[in-house]
Amino acid sequence: MSTVQTEFQQILTAAKERRGDLSVDSMIVSSHLAQMRMFMLRRGIEFYAEQDSFGKRREFISQVCEKNMLDMKLDSIIDYFLCDGQGLFYFRPSGDDYQLLYFPKESYRAYRDQNNELSSVILTYSFNVQKSNKTIDVYSTPDQEGGRKKYIRLEVFKDRIEQTISDEKISFENASGLTNTGMGQKETLVNSLGFIPAVEVFNYMDCTGEANGNGEFEWLANQIMYH
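Just so you know, we're using the numbering used here here: the sequence shown kicks off at 1 and counts up by one.
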């Protein structure tokens with residue numbers, strides 16, 4: 001990656017993570033994102049089912065959004081979506097409800113068949129665990145509160161879910177080459193839904209309709225860096 005592209009990606013990272021303390025923060029990017037958030041959210045966003053004779057589906061959707069605190073997350077979701085040009089919503093069954101997760105571009109991979117339908121998705125994310133009194137695993141990553149981070153890799157198919165929990169950070173470059181020490185727990189679960197509960201969204205999709213999007217600022221990268 002060229003120096004210009006590296007610095008440009010740092011500008012986008014500063015905007016997505018709201019890192020105003022970084023010297024690479026650009027008012028051009030942050031101002032545009034603020035304006036787009038206002039346009040997209042000022043009248044509110046409502047989710048509804050196309051067919052809902054008794055109003056129960058509308059009630060259930062509202063319940064899922066409320067439990068997942070979606071209103072509080074939309075600002076960040078919009079920033080990541082506009083900067084990355086694409087993202088993925090994943091609906092993880094949790095009892096009688098769903099955990100609604102948004103994955104930015106660098107945290108997932110989506111694969112499609114000849115009909116442009118999802119055939120599998122790979123998701124990576126982390127979670128914090130409390131540090132026990134037992135011998136500390138030297139391979140796990142400490143967090144700011146003194147706990148330990150663990151990392152999950154989910155490969156979701158229509159009939160199964162392959163889950164790996166690791167003490168080492170999982171990236172798409174090292175996902176198949178983790179050391180035995182950090183490999184952790186690996187198991188295969190049944191996907192009882194029979195389909196992949198994920199929706200990939202794109203920004204500025206090109207005329208071919210291929211499964212990729214473009215960020216708001218990619219075509220202006222050189223002008224932004226010059227400014």
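Even glycine gets a Cβ: it sits at the ideal position worked out from N, Cα and C.
Return helix, strand or coil for residue i, following the three-state DSSP convention.
| i | result |
| --- | --- |
| T6 | helix |
| D97 | strand |
| F39 | helix |
| Y125 | strand |
| I228 | Here the chain comprises residues numbered 1 to 227, so residue 228 is not present and cannot be evaluated. |
| I152 | strand |
| L220 | helix |
| E168 | coil |
| Q63 | helix |
| K73 | helix |
| A14 | helix |
Cutting at 7 angstroms between CB atoms, please list the residues of its own chain near residue i, excluding the five before and the five after it.
| i | result |
| --- | --- |
| M36 | I78 and L82 |
| K158 | N191, G194, F195 and I196 |
Answer with buried or exposed for residue i, where buried requires no fewer than 16 other C-beta atoms within 10 angstroms of its C-beta.
| i | result |
| --- | --- |
| Q86 | buried |
| G213 | buried |
| A198 | buried |
| D84 | buried |
| I45 | exposed |
| R19 | exposed |
| F8 | buried |
| L193 | exposed |
Looking at residue j and residue i, is the spacing between their C-beta atoms short of 8 angstroms?
| i | j | result |
| --- | --- | --- |
| E210 | A110 | no |
| Y102 | F89 | yes |
| V121 | V156 | yes |
| K105 | S126 | no |
| F202 | V29 | no |
| L74 | L41 | yes |
| T188 | E162 | yes |
| D96 | K67 | no |
Excluding the 5 residues flanking residue i on each side, which residues of the same chain have their C-beta closer than 6 angstroms to its C-beta?
| i | result |
| --- | --- |
| I61 | F47 |
| T164 | R153 and K186 |
| S107 | T124 |
Go through its chain and collect everything with a Cβ distance to residue i's Cβ below 8 angstroms, but skip five positions before and after it.
| i | result |
| --- | --- |
| A49 | R57, R58 and I61 |
| D113 | S119 |
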